[in-house]
């Protein structure tokens, strides 16, 4: 009778080892291919944002406002009709304003018209896929509690933010802040504030009217105001959504809808937040909250989960990948529109 042979234990272990090696070799390639696809989708999203900004400017004669104060709309809302989201745009009520009508006489007057108010929560609880980077991890909680009325509203987070210059959200010419934890003295970081040199996206929060265009006396800007050239001026970039109780990526809110070139891309220095900051949540970039006088005003860096850098939309609607290693001076120069800096195309 003929005896049948099977695999020996050693042969089986060799086969398993070969398969494991092949998987180890192929897995990084598969992950790299997936990230390339996700990055391509992110580039396309930013391209569509750039085109929407141009269509807005062509229709209205000015660039979209960066924000309407803290709570009454951001650039993301203003470009919705030009990003195939007209229905969502029409559902938002823009009547709120932080002008004289909401003074101490009745500080709760416009609460229903804020991003968390009854008039607008239908919009701010919606996620717009064109404003989401597939490489990022979505904030799953997305809950904002407002003490004004004791109600918890569900608001969504997104990944794209507007260039607010190279200093802070308030766009000061110089910003005092702590030099470091070990040397806590106050230092000055200079920069050309957009409000003085042609900010592509202004704050209309103090406008006297409820119109979307700033009132007389408040500067508005079109593409012709970008004297550095639209190909040398950033309009939008990326931000990582804060996980848990962290406001980064909460782009319905006036502060978090911006980024500044004060920090380099994906900087290890903390964002300064006028709101909830959560350093203890796994996956969150470093952050701290505002404090006076060391950090009196907030600012946010451009950040992404793409290896090595961030995507940015330039003023000509082109999208470029900016490496983390870019010279800080070049990065800040790209954040100004009338700075007069000479930036070579091979500098980034």
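Numbering (our numbering), first residue to last: 9 to 356. Built from N, CA and C at the ideal position, the CB exists for glycine as well. Computed from a predicted model, the values in this text were never measured in an experiment.
Candidates the options: closest to residue i by CA position
i: residue 260; options: 135, 330, 241 and 29; result: 135
i: residue 231; options: 291, 345 and 75; result: 345
i: residue 358; options: 169, 247, 269 and 166; result: There is no way to answer for residue 358, as the model of the chain reaches only from 9 to 356.
i: residue 123; options: 258, 47 and 145; result: 258
i: residue 295; options: 251, 319 and 88; result: 251
i: residue 56; options: 99, 22, 245 and 129; result: 245
i: residue 237; options: 94, 348, 36 and 47; result: 348
i: residue 249; options: 293, 235 and 272; result: 293
i: residue 169; options: 34, 85 and 32; result: 85
i: residue 316; options: 336, 289, 273 and 298; result: 273
i: residue 6; options: 146, 97, 36 and 266; result: The displayed coordinates of the chain run from 9 to 356. Any statement about residue 6 would go beyond what the structure contains.
i: residue 53; options: 264, 229, 92 and 351; result: 92
i: residue 277; options: 332, 262 and 314; result: 332
i: residue 291; options: 147, 284, 40 and 235; result: 147
i: residue 271; options: 314, 287, 285 and 337; result: 337
i: residue 138; options: 121, 120 and 46; result: 46
i: residue 49; options: 142, 90 and 162; result: 142
i: residue 6; options: 314, 41, 288 and 178; result: It is not possible to answer for residue 6, since the shown part of the chain is limited to 9 through 356.
i: residue 211; options: 263, 350, 235 and 89; result: 263
i: residue 311; options: 31, 166, 65 and 235; result: 166
i: residue 326; options: 51, 42 and 29; result: 51
i: residue 370; options: 283, 162, 62 and 280; result: Any answer about residue 370 is impossible in this case: the structure gives the chain only from 9 up to 356.
i: residue 255; options: 235, 287 and 64; result: 287
i: residue 313; options: 247, 22 and 26; result: 247
i: residue 95; options: 282, 354, 329 and 130; result: 130
i: residue 145; options: 289, 305 and 16; result: 289
i: residue 76; options: 103, 35, 67 and 329; result: 103
i: residue 329; options: 83, 305 and 354; result: 354
According to DSSP, residues forming a beta bridge with residue i
i: residue 295; result: 279
i: residue 331; result: 317
i: residue 267; result: 171
i: residue 246; result: 168
i: residue 322; result: 242
i: residue 211; result: 75
Where residue i sits in the DSSP three-state scheme
i: residue 162; result: strand
i: residue 307; result: strand
i: residue 84; result: helix
i: residue 168; result: strand
i: residue 206; result: With a pLDDT of only 41 at residue 206, under 50, the local geometry of the prediction cannot be trusted, and the value read off the model is given with reservation. Residue state, collapsed to three classes: coil.
i: residue 46; result: helix
i: residue 135; result: coil
i: residue 75; result: strand
i: residue 127; result: coil
i: residue 122; result: coil
i: residue 392; result: No information on residue 392 is available, as it lies outside the stretch 9 to 356 that the chain covers here.
i: residue 356; result: coil
i: residue 256; result: coil
i: residue 351; result: coil
i: residue 186; result: Note that residue 186 scores 40 on pLDDT, short of 50, meaning its location in the model is unreliable; the coordinates nonetheless yield the value given after this. Three-state result, residue 186: strand.
i: residue 229; result: coil
i: residue 66; result: helix
i: residue 176; result: coil
i: residue 273; result: coil
i: residue 343; result: coil
i: residue 36; result: helix
i: residue 142; result: coil
i: residue 94; result: helix
i: residue 284; result: coil
i: residue 235; result: coil
i: residue 20; result: helix
i: residue 337; result: helix
i: residue 30; result: helix
Whole-Å CB distance - residue i paired with residue j, under 8 Å assumed
i: residue 118; j: residue 128; result: Rounded, the Cβ-Cβ distance is 11 Å, inconsistent with contact.
i: residue 309; j: residue 253; result: About 20 Å; that fails the 8 Å criterion.
i: residue 241; j: residue 58; result: Residue 241 to residue 58, Cβ: 12 Å. No contact.
i: residue 323; j: residue 233; result: Residue 323 to residue 233, Cβ: 10 Å. No contact.
i: residue 334; j: residue 307; result: Contact flag wrong, Cβ pair sits at about 18 Å.
i: residue 340; j: residue 174; result: 4 Å
i: residue 81; j: residue 100; result: 7 Å
i: residue 71; j: residue 229; result: 5 Å
i: residue 31; j: residue 64; result: Rounded, the Cβ-Cβ distance is 49 Å, inconsistent with contact.
i: residue 280; j: residue 298; result: 6 Å
Proximity test, Cβ basis, 8 Å: residue i and chain E
i: residue 171; result: The structure shown contains no chain E; it holds only a single protein chain.
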